[in-house]
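Before any comments, here is the structure.
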Amino acid sequence: MHTVVVGTSGTTADDVVAVARRDARVEIAAEAVAALAAARAVVDALAAKPEPVYGVSTGFGALATRHISPELRAQLQRNIVRSHAAGMGPRVEREVVRALMFLRLKTVCSGRTGVRPEVAQTMADLLNAGITPVVHEYGSLGCSGDLAPLSHCALALMGEGDAEGPDGTVRPAGELLAAHGIQPVELREKEGLALLNGTDGMLGMLIMALADLDRLYKSADVTAALSLEALLGTARVLAPELHAIRPHPGQGASAANMLAVLEGSGLTGHFQEEEAPRVQDAYSVRCAPQVAGAGRDTMAHARLVADRELASAVDNPVILPDGRVESNGNFHGAPVAYVLDFLAIAAADLGSIAERRTDRLLDKNRSHGLPPFLADDAGVDSGLMIAQYTQAALVSEMKRLAVPASADSIPSSAMQEDHVSMGWSAARKLRTAIGNLNRIVAVELYAATRAIELRRHLTPAPASRAAIAALRAAGVEGPGPDRFLAPDLEAADAFVRDGKLLAAVEPVTGPLA
0 MHTVVVGTSG
10 TTADDVVAVA
20 RRDARVEIAA
30 EAVAALAAAR
40 AVVDALAAKP
50 EPVYGVSTGF
60 GALATRHISP
70 ELRAQLQRNI
80 VRSHAAGMGP
90 RVEREVVRAL
100 MFLRLKTVCS
110 GRTGVRPEVA
120 QTMADLLNAG
130 ITPVVHEYGS
140 LGCSGDLAPL
150 SHCALALMGE
160 GDAEGPDGTV
170 RPAGELLAAH
180 GIQPVELREK
190 EGLALLNGTD
200 GMLGMLIMAL
210 ADLDRLYKSA
220 DVTAALSLEA
230 LLGTARVLAP
240 ELHAIRPHPG
250 QGASAANMLA
260 VLEGSGLTGH
270 FQEEEAPRVQ
280 DAYSVRCAPQ
290 VAGAGRDTMA
300 HARLVADREL
310 ASAVDNPVIL
320 PDGRVESNGN
330 FHGAPVAYVL
340 DFLAIAAADL
350 GSIAERRTDR
360 LLDKNRSHGL
370 PPFLADDAGV
380 DSGLMIAQYT
390 QAALVSEMKR
400 LAVPASADSI
410 PSSAMQEDHV
420 SMGWSAARKL
430 RTAIGNLNRI
440 VAVELYAATR
450 AIELRRHLTP
460 APASRAAIAA
470 LRAAGVEGPG
480 PDRFLAPDLE
490 AADAFVRDGK
500 LLAAVEPVTG
510 PLA
């Protein structure tokens with residue numbers, strides 16, 4: 000099994016995905032153990048002094064003015080976890096919780112939080128045992144960290160609350176820890192606060208969203224190329240010299256991908272040979288690289304933000320290299336929240352243009368010789384009419400999901416936390432949007448492959464033939480009389496989501512950018 004070693008200098012997006020989705024084993028580097036011990040010594044020294052220090056010997060948030068006596072400090076740390084574990088709503092997905100836990104461990108191992116080495120090791124032990132705390136949908140405002148989600152995770156470290164075991168069964172966390180030989184932690188000064196104060200949930204969802212969108216943008220380039228081919232469009236608009244004079248990197252990469260898919264096609268270039276010749280293709284076909292490319296460049300910016308956040312130690316207060324303990328506002332989720340919202344906007348536009356191409360394939364007045372709705376016997380058969388309705392409904396929801404969460408702020412903690420990021424909400428809606436986008440791309444794939452097969456007198460590109468063959472082998476049927484369509488669409492959705500479309504095409508085209 001792949002092992003991820005956590006040091007003091009952050010982690011990588013690939014490591015986050017490996018732990019969250021592939022259950023990679025986690026180990027703590029010796030340098031991190033040393034840094035944890037050194038930072039803990041600073042906290043212990045401060046705890047022994049009579050002067051109050053925020054997070055060590057005071058209350059929290061609006062209650063930070065109270066000095067807490069030594070005999071109450073362990074109770075204080077337990078209480079902040081218990082009281083902050085106040086989430087409600089449906090359970091958050093296992094991969095999100097694992098990403099959140101791993102990223103909190105990453106910050107703890109930076110040596111900037113004052114958490115003891117044994118607490119960090121227990122965090123790693125839970126991940127390695129496949130124990131996943133039950134975290135709920137609602138409870139984070141994306142400021143002072145993803146407080147409620149992280150609190151539910153910290154609660155499990157204490158042996159309290161509920162968690163899911165490696166067999167998928169939800170049980171009391173204490174029972175699961177005991178079954179795996181893990182001793183619950185007894186939190187000491189600052190540790191409860193340090194386990195809650197981070198952007199880990201929204202960052203984990205951003206990293207997984209980028210992984211999903213990387214696959215989806217490549218897949219959308221493939222389906223756009225298939226639609227262009229099915230509509231007998233021209234590939235001349237994809238020429239590198241055209242994109243070189245507007246040198247947005249994403250645009251050039253998208254055009255190159257489409258051109259690679261269309262290499263050797265016998266369907267392209269017929270747009271001037273019809274009874275009503277076209278001078279140029281519709282925007283949804285001709286401008287596909289410009290729209291998908293802008294989304295790719297948005298992803299590049301989001302990756303930059305994610306990489307910076309992965310290298311960060313987000314906590315309050317933090318222990319600086321010179322031993323000072325300072326309060327700060329680095330837990331504010333604005334940098335992550337903005338790009339989460341930006342990605343939702345780009346994803347909605349990509350879904351919108353894909354739906355427009357699908358509608359064009361189904362309209363006999365704009366499809367250049369294809370049967371109405373790609374039906375076998377139009378009138379008796381409805382073909383893909385309602386598949387496009389479903390796609391349109393998904394696009395409409397994506398437009399609603401593109402409304403930014405980060406433009407909102409609701410003050411909390413008696414106006415101490417009077418401006419918040421709503422980054423967790425931005426991440427949650429982006430996950431929904433990505434699921435919708437996958438379905439939209441799948442519907443375009445389903446329609447475009449059927450349309451290409453209906454052009455029986457023309458030979459599609461080798462890459463197109465490979466995509467069609469793989470889709471049919473996956474159990475998604477081609478042209479024919481009406482049938483129960485939902486299973487076909489579900490199978491096409493899985494075909495895109497599992498990377499099988501790219502796996503079919505790339506042996507022909509080479510790796511897509």
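Numbering-wise (numbering that gives the first Met the number 0), the sequence shown opens with residue 0 and increments by one. From the three backbone atoms N, C-alpha and C, an ideal C-beta is built for every residue, glycine too.
Residue i - containing alpha helix (DSSP H), residue span
{"i": "residue 313", "result": "Note, residue 313: premise wrong, no alpha helix (DSSP H); not H, not E."}
{"i": "residue 399", "result": "384-400"}
{"i": "residue 331", "result": "Residue 331 -> no alpha helix (DSSP H), and no H or E assigned at all."}
{"i": "residue 83", "result": "72-83"}
{"i": "residue 121", "result": "116-128"}
{"i": "residue 222", "result": "199-229"}
{"i": "residue 490", "result": "485-496"}
{"i": "residue 236", "result": "No alpha helix (DSSP H) holds residue 236; DSSP gives it neither H nor E."}
{"i": "residue 461", "result": "461-472"}
Residue from the options whose Cα sits closest to the Cα of residue i
{"i": "residue 286", "options": "482, 235, 177 and 380", "result": "235"}
{"i": "residue 328", "options": "283, 373 and 196", "result": "196"}
{"i": "residue 452", "options": "436, 374 and 494", "result": "374"}
{"i": "residue 194", "options": "237, 150, 249 and 18", "result": "150"}
{"i": "residue 214", "options": "388, 400, 497 and 484", "result": "497"}
{"i": "residue 444", "options": "360, 181, 44 and 34", "result": "360"}
{"i": "residue 80", "options": "184, 396 and 42", "result": "184"}
{"i": "residue 412", "options": "49, 59 and 454", "result": "59"}
{"i": "residue 218", "options": "440, 486 and 489", "result": "440"}
{"i": "residue 255", "options": "224, 267, 269 and 281", "result": "224"}
{"i": "residue 157", "options": "134, 272 and 182", "result": "182"}
{"i": "residue 315", "options": "31, 55 and 7", "result": "55"}
{"i": "residue 434", "options": "211, 146 and 410", "result": "211"}
{"i": "residue 341", "options": "155, 405, 112 and 507", "result": "405"}
{"i": "residue 163", "options": "510, 34, 91 and 492", "result": "91"}
{"i": "residue 97", "options": "65, 42, 165 and 399", "result": "165"}
{"i": "residue 456", "options": "265, 381 and 237", "result": "265"}
{"i": "residue 321", "options": "13, 38, 14 and 17", "result": "38"}
{"i": "residue 389", "options": "64, 188 and 488", "result": "488"}
{"i": "residue 93", "options": "19, 485, 257 and 146", "result": "19"}
{"i": "residue 479", "options": "426, 175, 403 and 383", "result": "383"}
Coil, strand or helix - residue i by DSSP
{"i": "residue 1", "result": "coil"}
{"i": "residue 377", "result": "strand"}
{"i": "residue 88", "result": "strand"}
{"i": "residue 417", "result": "coil"}
{"i": "residue 106", "result": "helix"}
{"i": "residue 514", "result": "A query on residue 514 cannot be resolved here, the shown segment of the chain reaching from 0 to 512 and no further."}
{"i": "residue 318", "result": "strand"}
{"i": "residue 431", "result": "helix"}
{"i": "residue 411", "result": "strand"}
{"i": "residue 7", "result": "coil"}
{"i": "residue 338", "result": "helix"}
{"i": "residue 151", "result": "helix"}
{"i": "residue 300", "result": "helix"}
Own chain residues within Cβ distance below 7 Å of residue i, not counting five before or after
{"i": "residue 391", "result": "354"}
{"i": "residue 473", "result": "490, 494 and 499"}
{"i": "residue 522", "result": "In the structure as shown, the chain starts at 0 and stops at 512, and residue 522 therefore has no counterpart that could be examined."}
{"i": "residue 282", "result": "none"}
{"i": "residue 450", "result": "229, 360, 369 and 373"}
Close beta carbons around residue i, own chain, < 8 Å, minus the five adjacent residues each side
{"i": "residue 10", "result": "3, 101, 102, 105 and 309"}
{"i": "residue 469", "result": "494, 499, 500, 502 and 503"}
{"i": "residue 21", "result": "1"}
{"i": "residue 6", "result": "28, 30, 31 and 108"}
{"i": "residue 26", "result": "2, 3, 4, 5 and 123"}
Element boundaries [beta strand (DSSP E), containing residue i]
{"i": "residue 169", "result": "169-171"}
{"i": "residue 161", "result": "161-163"}
{"i": "residue 27", "result": "24-27"}
{"i": "residue 505", "result": "That residue, residue 505, is in no beta strand (DSSP E); its alpha helix (DSSP H) goes 499-508."}
{"i": "residue 282", "result": "Unbroken run through residue 282 is the alpha helix (DSSP H), 282-285; no beta strand (DSSP E)."}
{"i": "residue 136", "result": "135-137"}
Contact set for residue i: own chain, Cβ-Cβ below 6 Å, skip 5 residues either direction
{"i": "residue 418", "result": "408"}
{"i": "residue 114", "result": "107, 190 and 193"}
{"i": "residue 112", "result": "193 and 314"}
Exercise. Should the segment 63-77 be called in touch with the segment 111-128, which here means at least 3 C-beta pairs below 8 Å?
Worked result: no
For this session: Decide yes or no for the touch test of the segment 239-253 against the segment 453-466: beta carbon pairs closer than 8 Å, at least 3 of them.
Result: no
Exercise. With a cut-off of 8 Å, do at least 3 Cβ pairs link the segment 250-268 to the segment 333-342?
Worked result: no
Exercise. Looking at C-beta atoms only, is the number of pairs between the segment 290-309 and the segment 201-208 that lie closer than 8 Å three or more?
Worked result: yes
For this session: Inspect the CB distances between the segment 123-137 and the segment 44-52 and report whether three or more fall short of 8 Å.
Result: no
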